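Trainee: Input: one structure, supplied below.
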Amino acid sequence: MMRNVVFSAREDHEIIKAVKNRLKKLPDINLYFHDPTKKFFNLSKMPKPIKEADLIVVKVRNDCSIDLLHYAKTNKIPTLHNVDTVLMCKNKISLDYALRRVFKNHHQISKKFSFPNSWNNNITDVLKFKRWALPKLPIVIKSHYQHDKYNRFNFLVRKIEEVDTFCNRYKHLLYYDVYIQKFIECDGFERKVYVIGDKVFGIIRENPIYIFLRNKPNEIDVDKIKRKEFKISEEIREFA
Numbered sequence: 001m002m003r004n005v006v007f008s009a010r011e012d013h014e015i016i017k018a019v020k021n022r023l024k025k026l027p028d029i030n031l032y033f034h035d036p037t038k039k040f041f042n043l044s045k046m047p048k049p050i051k052e053a054d055l056i057v058v059k060v061r062n063d064c065s066i067d068l069l070h071y072a073k074t075n076k077i078p079t080l081h082n083v084d085t086v087l088m089c090k091n092k093i094s095l096d097y098a099l100r101r102v103f104k105n106h107h108q109i110s111k112k113f114s115f116p117n118s119w120n121n122n123i124t125d126v127l128k129f130k131r132w133a134l135p136k137l138p139i140v141i142k143s144h145y146q147h148d149k150y151n152r153f154n155f156l157v158r159k160i161e162e163v164d165t166f167c168n169r170y171k172h173l174l175y176y177d178v179y180i181q182k183f184i185e186c187d188g189f190e191r192k193v194y195v196i197g198d199k200v201f202g203i204i205r206e207n208p209i210y211i212f213l214r215n216k217p218n219e220i221d222v223d224k225i226k227r228k229e230f231k232i233s234e235e236i237r238e239f240a
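According to the numbering used here, the stretch in the sequence shown is residues 1 to 240, in order.
Here it is as structure tokens:
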């Protein structure tokens, strides 16, 4: 039985090209490729292959990718991944809620992993924010959204005067609400864990805050921080 599959991703990427070519070779799949950076929509007349899709697979690149997932949800077209999952992963507050639920429902996890206290807040009234933040120091002020590289920041505040430094550096973003975490000392590395089916993978990189504490650069391009795969322990596998 033939299935109509839409694969939406940025085409100029080696892995995407390889996946696209493999899907094309499958005898029971009629593939329609959509590049969200090049193909946009007439919302009143969506492309026929999308309307008739049995499955839409999306590697999110931009808002057009999210628009496609919203369309699929509204029209009850199965997707990988669904729009709710993607929006949760983009929003640090939403991720925080989800992780806290995992910790609450699986008490054994808290014996091996810690989860810092966190808050949402706003810094438009700087003096009010300072009064609120003072008893909570040290804290890290973070942008709400994971993948907006133009409005993305992780800023360590150890002394209350450093709030002024933050406000001067990011004054064009002060009307946005922020995500705040208690800063906890660690080994200086960040680990991302990916679960695909029954496989678990891990990527490790140096934490940008520890790069700042060591080198004091004016800015850090997180895309240039070296990453490598790390071995998944049984504790991390269970958590994943």
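Even glycine gets a Cβ: it sits at the ideal position worked out from N, Cα and C. Given the structure is predicted, the values throughout are model-derived calculations rather than measurements.
What is the rounded straight-line gap between the Cα of residue 138 and the Cα of residue 91?
Mentor: Within the sequence shown, numbered from 1, the residue matching residue 138 stands at position 138. Within the sequence shown, numbered from 1, the residue matching residue 91 stands at position 91. Going by the C-alpha atoms only, they are around 23 Å apart.
Trainee: Are residue 4 and residue 36 close, meaning C-beta to C-beta below 8 Å?
Mentor: Your numbering for residue 4 matches position 4 in the sequence shown. Your numbering for residue 36 matches position 36 in the sequence shown. No, the pair does not count as a contact, with Cβ atoms beyond the cut-off.
Trainee: Does the separation of the CB atoms of residue 166 and residue 204 fall below 8 Å?
Mentor: Here residue 166 is taken as the residue at index 166 of the sequence shown, counted from 1. Here residue 204 is taken as the residue at index 204 of the sequence shown, counted from 1. No, they are not a contact pair.
Trainee: Here's the rule: buried if 16 or more other CB atoms are within 10 angstroms of the residue's CB, otherwise exposed. What is residue 126?
Mentor: Your numbering for residue 126 matches position 126 in the sequence shown. Exposed: under 16 other Cβ atoms inside 10 Å.
Trainee: Classify residue 106 as buried or exposed, calling it buried when 16 or more other Cβ atoms lie within 10 Å of its own Cβ.
Mentor: Against the sequence shown, residue 106 aligns to sequence position 106. By the neighbour-count rule (16 or more Cβ atoms within 10 Å), residue 106 is not buried but exposed.
Trainee: Kindly identify the DSSP beta-bridge partner or partners of residue 179.
Mentor: Locating residue 179 in the sequence shown gives position 179, counting from the first residue. Its beta-bridge partners are 120 and 142.
Trainee: Which residue comes first and which comes last in the beta strand (DSSP E) that contains residue 8?
Mentor: As a position in the sequence shown, residue 8 is number 8, starting the count at 1. Segment 3-8, the beta strand (DSSP E) holding residue 8.
Trainee: What's the C-alpha gap between residue 8 and residue 171?
Mentor: Here the question's residue 8 lines up with position 8 in the sequence shown. Here the question's residue 171 lines up with position 171 in the sequence shown. So the two alpha carbons sit approximately 36 Å from each other.
Trainee: What is the DSSP secondary structure of residue 194, counted as helix, strand or coil?
Mentor: On the sequence shown, position 194 is the one that residue 194 refers to. Residue 194 falls in the strand class under three-state DSSP.
Trainee: With the cut-off set at 8 Å, would you say residue 174 and residue 141 are in Cβ contact?
Mentor: Sequence index remark: in the sequence shown, residue 174 carries index 174 (1-based). Sequence index remark: in the sequence shown, residue 141 carries index 141 (1-based). Cβ atoms of residue 174 and residue 141: not closer than 8 Å.
Trainee: Would you decide whether residue 163 is buried or exposed? Buried here means 16 or more other CB atoms lie within 10 Å of its CB.
Mentor: Locating residue 163 in the sequence shown gives position 163, counting from the first residue. Buried, by the Cβ-count rule.
Trainee: Please work out which residues of its chain come closer than 8 Å, Cβ to Cβ, to residue 2, disregarding the five sequence neighbours upstream and downstream, and give them in chain order.
Mentor: Counting from one through the sequence shown, the residue named residue 2 turns up at place 2. So the qualifying residues of the chain are 28, 29 and 30.
Trainee: If you scan the region 57-131 from start to end, which runs of the alpha helix (DSSP H) of 4 or more residues do you find wholly inside it?
Mentor: For the region 57-131, whole alpha helix (DSSP H) runs of length 4 or above, ordered along the chain, are 63-74, 83-90 and 92-105.
Trainee: Select from 77, 100, 70 and 103 the residue whose C-alpha is nearest the C-alpha of residue 87.
Mentor: Start at 1 with the first residue of the sequence shown, and residue 87 comes out as number 87. Of 77, 100, 70 and 103, the residue nearest in Cα terms is 70.
Trainee: Can you name the residues that DSSP bridges to residue 202?
Mentor: Reading the sequence shown from its first residue, position 202 is the one you call residue 202. Bridge partners of residue 202: 193.
Trainee: Cβ-heavy atom distance between residue 218 and the ligand COA below 7 Å?
Mentor: With respect to the ligand COA, the structure shown offers nothing to examine, as it has no ligands at all.
Trainee: Report the option in 94, 68 and 131 whose CA atom is closest to the CA atom of residue 161.
Mentor: Here residue 161 is taken as the residue at index 161 of the sequence shown, counted from 1. Checked all of 94, 68 and 131; the closest Cα to residue 161 is 131.
Trainee: Based on DSSP bridge pairs, tell me the residues matched to residue 34.
Mentor: Along the sequence shown, read from residue 1 onward, the residue named residue 34 stands at position 34. 8.
Trainee: Tell me which residues share the same chain as residue 52 and place their Cβ nearer than 8 Å to its Cβ, disregarding the 5 neighbours each side in the sequence.
Mentor: Numbered from its first residue, the sequence shown carries residue 52 at position 52. Hits under 8 Å: 4.
Trainee: Could you name the residues of the same chain whose beta carbon sits closer than 7 Å to that of residue 77, not counting the 5 residues immediately before and after it, in chain order?
Mentor: Residue 77 sits at position 77 when you count from the first residue of the sequence shown. Cβ within range, chain order: 53 and 56.
Trainee: According to DSSP, is residue 235 part of a helix, a strand, or is it coil?
Mentor: The residue labelled residue 235 in the question sits at position 235 within the sequence shown. Three-state result, residue 235: helix.
Trainee: Counting along the chain, where does the beta strand (DSSP E) carrying residue 154 start and finish?
Mentor: The count along the sequence shown starts at 1 and reaches residue 154 at position 154. 154-157 is the extent of the beta strand (DSSP E) around residue 154.
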